[in-house]
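Asks:
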Amino acid sequence: KQEVTQIPAALSVPEGENLVLNCSFTDSAIYNLQWFRQDPGKGLTSLLLIQSSQREQTSGRLNASLDKSSGRSTLYIAASQPGDSATYLCAVIGAGSYQLTFGKGTKLSVIP
Amino acid sequence: NAGVTQTPKFRVLKTGQSMTLLCAQDMNHEYMYWYRQDPGMGLRLIHYSVGEGTTAKGEVPDGYNVSRLKKQNFLLGLESAAPSQTSVYFCASSWGLAGGAMKQFFGPGTRLTVL
């Protein structure tokens, strides 16, 4: 059974700092990996999707990398802003599957 | 485009009551999903559908039923609500390819309390 782990569970940084969120998964036979953002009381917003054949994806200040063989992904946020404060979730889909397996998230607080 | 919408946004039920949650998407996605989110447990898949008229069980299907009579709608039913079903329910939809599902779009959620 696929398991997804996100460390740390919470992170607090000063505004302007660059930061990295970590995600690991136990089964490397994945189809893709997605990073989501969830604001309190809201739904999930997809940030980046990396196909299993890709190494990274970028969107604005966000960069996600994937090392499938080691079962790891990182989400890099450059020049953090208070508006980046949210919970960030990592999720994987197994090859031939329709089911997303989620990590429990990292709660990020960016202090002005 | 409205994306993925969910009805209702909030609901309080008594134990044993029944209700249906409605999910609608206007992106012509083939795949639709129902998740529940609980503190400390993360998001877990309840049921999903890979096309009109099809449904399948996810990780935590017990106590729930689903129907996908129209491509744009996915209904989640609770026949006899229990306090353990108190949760936030999210619907999602996506495109799919032969190798698996693509980017998932989520609705805003339904907060359900069962007393």
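Chains A and B, in that order, are what the protein sequence lines are. Under my numbering, the residue at position 94 of the first sequence is numbered 94, and the numbers go up by one with no gaps. Under my numbering, the residue at position 96 of the second sequence is numbered 1096, and the numbers go up by one with no gaps. Built from N, CA and C at the ideal position, the CB exists for glycine as well. Only a predicted model underlies this, so the values are computations on that prediction, with no experimental measurement involved.
Quick one: what's got a C-beta closer than 6 Å to B/Arg-1111's C-beta in the same chain, skipping five residues either side?
Replies: Around B/Arg-1111: Phe-1010, Val-1088.
Asks: Smallest Cα separation from B/Ser-1067: which of B/Glu-1059, B/Leu-1076, B/Val-1060?
Replies: Minimum Cα distance to B/Ser-1067 is reached at B/Leu-1076.
Asks: Would you mind sorting A/Val-20 into buried or exposed? The rule is 16 or more other CB atoms within 10 Å of its CB.
Replies: Exposed is the call here.
Asks: Since B/Tyr-1064 contacts B/Leu-1045 with CB under 8 Å, what's their CB separation in whole angstroms?
Replies: About 11 Å; that fails the 8 Å criterion.
Asks: Classify B/Met-1032 as buried or exposed, calling it buried when 16 or more other Cβ atoms lie within 10 Å of its own Cβ.
Replies: By the neighbour-count rule (16 or more Cβ atoms within 10 Å), B/Met-1032 is buried.
Asks: Taking the beta carbon of A/Ser-59 as the centre, do at least 16 other beta carbons fall within 10 Å, making it buried, or is it exposed?
Replies: Exposed, by the Cβ-count rule.
Asks: Where DSSP assigns a beta bridge to B/Asn-1001, which residues make up the other side?
Replies: Answer is none; B/Asn-1001 lacks a bridge partner.
Asks: Who are the Cβ neighbours of A/Ser-46 in its own chain at under 7 Å, not counting the five residues just before and after it?
Replies: Hits under 7 Å: Gln-34, Phe-36.
Asks: Measure the alpha-carbon distance for B/Lys-1103 versus B/Trp-1034 and round it to whole angstroms.
Replies: One C-alpha to the other measures close to 15 Å.
Asks: Shorter than 8 Å from the beta carbon of A/Ala-49 to some beta carbon of chain B?
Replies: Before going further, note that residue 49 of chain A is Leu rather than Ala in the sequence given. Yes, because at least one Cβ of chain B sits closer than 8 Å to the Cβ of A/Leu-49.
Asks: Once DSSP output is grouped into helix, strand and coil, what is the label at A/Gly-94?
Replies: Reduced to three states, the DSSP call for A/Gly-94 is strand.
Asks: Grab the span of the beta strand (DSSP E) containing B/Ser-1067 for me, first residue to last.
Replies: Taken as a continuous stretch (DSSP letters only), the beta strand (DSSP E) holding B/Ser-1067 covers 1065–1067.
Asks: For the beta strand (DSSP E) holding B/Asp-1038, just list the boundary residues, first then last.
Replies: Run containing B/Asp-1038: 1031–1038, per the beta strand (DSSP E) assignment.
Asks: Rounded to whole angstroms, how far is the Cβ of A/Thr-26 from the Cβ of A/Glu-3, which I believe are closer than 8 Å?
Replies: The pair is a contact, with the Cβ atoms about 5 Å apart (cut-off 8 Å).
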